[in-house]
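Peer 1: Heads up: the sequence lines are chains A and B, in that order.
If you count by full-length UniProt numbering, then the first sequence holds residues 1 to 220, one letter each, in order.
If you count by full-length UniProt numbering, then the second sequence holds residues 1 to 220, one letter each, in order.
C-beta atoms are modelled at their ideal positions from N, C-alpha and C, and glycine is treated no differently.
Let me begin by handing over the structure; questions about it come next.
Protein chains: 2
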Amino acid sequence: MSATKEKEQQTDKPRRRSRAERSEETRQALFQAAAEMVGEYGYAEASISRITARAKVAQGTFYNYFDSRQDLFDQLLPALGEKMLAYIRSRMGEATGPEREERRIRAYFDFLRDYPEFYRILYEAETLAPKAHRQHIDAIAGGYARALSRSWERGEMPGYEKRELEVVAFMLLAARGYLSMRYGFSGDRPGAMPEWVIEAYMKFVRHGLYDAQAPGSKPT
Amino acid sequence: MSATKEKEQQTDKPRRRSRAERSEETRQALFQAAAEMVGEYGYAEASISRITARAKVAQGTFYNYFDSRQDLFDQLLPALGEKMLAYIRSRMGEATGPEREERRIRAYFDFLRDYPEFYRILYEAETLAPKAHRQHIDAIAGGYARALSRSWERGEMPGYEKRELEVVAFMLLAARGYLSMRYGFSGDRPGAMPEWVIEAYMKFVRHGLYDAQAPGSKPT
């Protein structure tokens, strides 16, 4: 136990949080409530009154943090996207080549299971928060393309030119989106992805990406 | 010139269309107007009055054909999906293997260029006409999986088990959707897909799908 913690216990008085800390907590509570409401009811039904009620703050407090409901929605998906990237990064370890890709897709499906509201927030955003959707896709695809570039620089994808990696990143992002739509739900909630679907995905990725020959090398 | 056509010209009097034919023409005009309105303004702004004005029919006439605006929207995407499948089929010829896949993606991108409203109708449907979206995706993915099965039965994809072809169909559908989103627009309208993007796509598909080894065969 840390010295600070001990002192807190001895005096039996919680440390007073700073104004900035409390403000950030409220902001996070509003994000969390908005995510739950959009996940459950969609953007159209996620009103400010529902969001503030869920976050247990006064309705007027909302405007200390966001200009409007749309302003919150425009920040919601990019914020969740950051969380998703951190989640996936934490699962990558030192893996390289196709194993890295396998960890990535498994982590993505696990993220959906842990944050079931993410899927609806993402797909409704294309229509109802297009600015956020564009920002999210750019950030995620950019990160993916950079990760593939590091793999490419290790010589793991000899068949590709560097600028093609962005095309690959979009194809893989697209695939995981559609595969979760088709196979990742039991009822309305994300469930475990069937193992044979991951295997079929990995077959395509392994041969398509990592086994592709360098131009000029002998075809097999 | 056919005998009928000649007769029409001789009498200089157009053949009187049957009631059923006129009814079908009105129906098609409403579909066409709805497609244009949704493509331009989105489902939310595509009101019955806008649609009937564009189709040049009285507003009340609408209800002879559709129960509601939502009923029209629910039929719109599947109808366009049929049109898309016919368009792509007409371009396939006798091609087999990866060449068939290349024709398919080129035909898809050309369809988007010729029917620029399709993209918005499709992506907004996931949120605003979910029943139509589900029906469309099932129809398109089912058709794609059957086409891949015929290819598989010709022995073109020795590395795959039959049930994995549906996973592949979803991956390829997803890829063309995301690639059109990223590379297929100049400004707001679909434009020509850059040639190098199609080449990168085909590299992935050729190696991932057609060059994949049968289980048990020697790795290269």
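If we call anything under 8 Å between Cβ atoms a contact, is Met193(B) one with Glu102(B)?
Peer 2: In this structure, Glu102(B) does not lie closer than 8 Å to Met193(B) by Cβ.
Peer 1: Secondary structure at Ser149(A), three-state DSSP: helix, strand or coil?
Peer 2: Residue state, collapsed to three classes: helix.
Peer 1: What three-state label does DSSP hand Lys218(A) in the structure shown?
Peer 2: Because Lys218(A) sits at a pLDDT of 49, beneath the cut-off of 50, its placement in the model cannot be relied upon, and the following sentence gives the value as read from the coordinates. Residue state, collapsed to three classes: coil.
Peer 1: Here's the rule I'm using: 16 or more other beta-carbon atoms within 10 Å means buried, otherwise exposed. How should Thr96(A) be labelled?
Peer 2: Looking at its Cβ environment, which holds fewer than 16 other Cβ atoms inside 10 Å, Thr96(A) is exposed.
Peer 1: What residues from the stretch 93-108 of chain B come within 7 Å of chain A, judged by C-beta to C-beta, listed N to C?
Peer 2: The stretch 93-108 of chain B vs chain A, Cβ under 7 Å: nothing.
Peer 1: From Gly208(A) to His207(B), what distance separates their C-alpha atoms?
Peer 2: Using only the alpha carbons, I get a separation of about 4 Å.
Peer 1: Quick check: what's the CA-CA separation for Ala34(A) versus Ala58(B)?
Peer 2: For Ala34(A) and Ala58(B), the distance between alpha carbons rounds to 43 Å.
Peer 1: Taking any Cβ of chain A, which residues in the stretch 122-140 of chain B have a Cβ under 8 Å from it, in chain order?
Peer 2: Answer in chain order: Tyr123, Glu124, Glu126, Thr127, Leu128 and Ile137.
Peer 1: Should Phe111(B) be flagged as near chain A, meaning a C-beta pair shorter than 8 Å?
Peer 2: Taking Cβ atoms only, chain A never reaches closer than 8 Å to Phe111(B), which makes this a no.
Peer 1: Between Leu173(B) and chain A, is any beta-carbon pair separated by less than 8 Å?
Peer 2: Taking Cβ atoms only, chain A reaches closer than 8 Å to Leu173(B), which makes this a yes.
Peer 1: Going by the CB atoms, is the gap between Ala141(A) and Leu173(A) shorter than 8 Å?
Peer 2: Yes. Within cutoff.
Peer 1: Along chain B, in chain order, which residues have C-beta atoms closer than 7 Å to that of Phe170(A)?
Peer 2: Chain B residues near Phe170(A): Tyr178, Leu179 and Arg182.
Peer 1: Can you tell me which residues form a DSSP beta bridge with Phe185(A)?
Peer 2: Bridge partners of Phe185(A): Pro190(A).
Peer 1: Just the chain B side, please: which residues come within less than 8 Å of Gly159(A) by C-beta, in chain order?
Peer 2: Under the 8 Å cutoff, chain B gives Lys203 and His207.
Peer 1: Please state if the CB of Gly191(B) and the CB of Phe185(B) are separated by a distance shorter than 8 Å.
Peer 2: A contact, by the Cβ cut-off of 8 Å.
Peer 1: Interface residues of chain A around Ala212(B) at Cβ under 7 Å?
Peer 2: By Cβ distance, chain A contributes Lys203 and His207.
Peer 1: What in chain B is Cβ-close to Ala200(A), meaning under 9 Å?
Peer 2: Within chain B, the residues near Ala200(A) are Tyr160, Glu161, Arg163, Glu164, Leu165, Glu166, Val167, Val168 and Met171.
Peer 1: Within the same chain, show all residues whose beta-carbon is closer than 7 Å to that of Glu36(A), passing over the 5 residues directly before and after it, in chain order.
Peer 2: Once the five neighbours on either side are set aside, the close Cβ partners of Glu36(A) are Arg54 and Glu117.
Peer 1: Could you check what DSSP says for Asp110(B) in three-state terms: helix, strand or coil?
Peer 2: Asp110(B): helix per DSSP, three-state reduction.
Peer 1: Based on Cα-Cα distance, which residue from Phe73(B), Arg106(B), Phe109(B) and Tyr183(B) lies nearest to Gly42(B)?
Peer 2: Of Phe73(B), Arg106(B), Phe109(B) and Tyr183(B), the residue nearest in Cα terms is Phe73(B).
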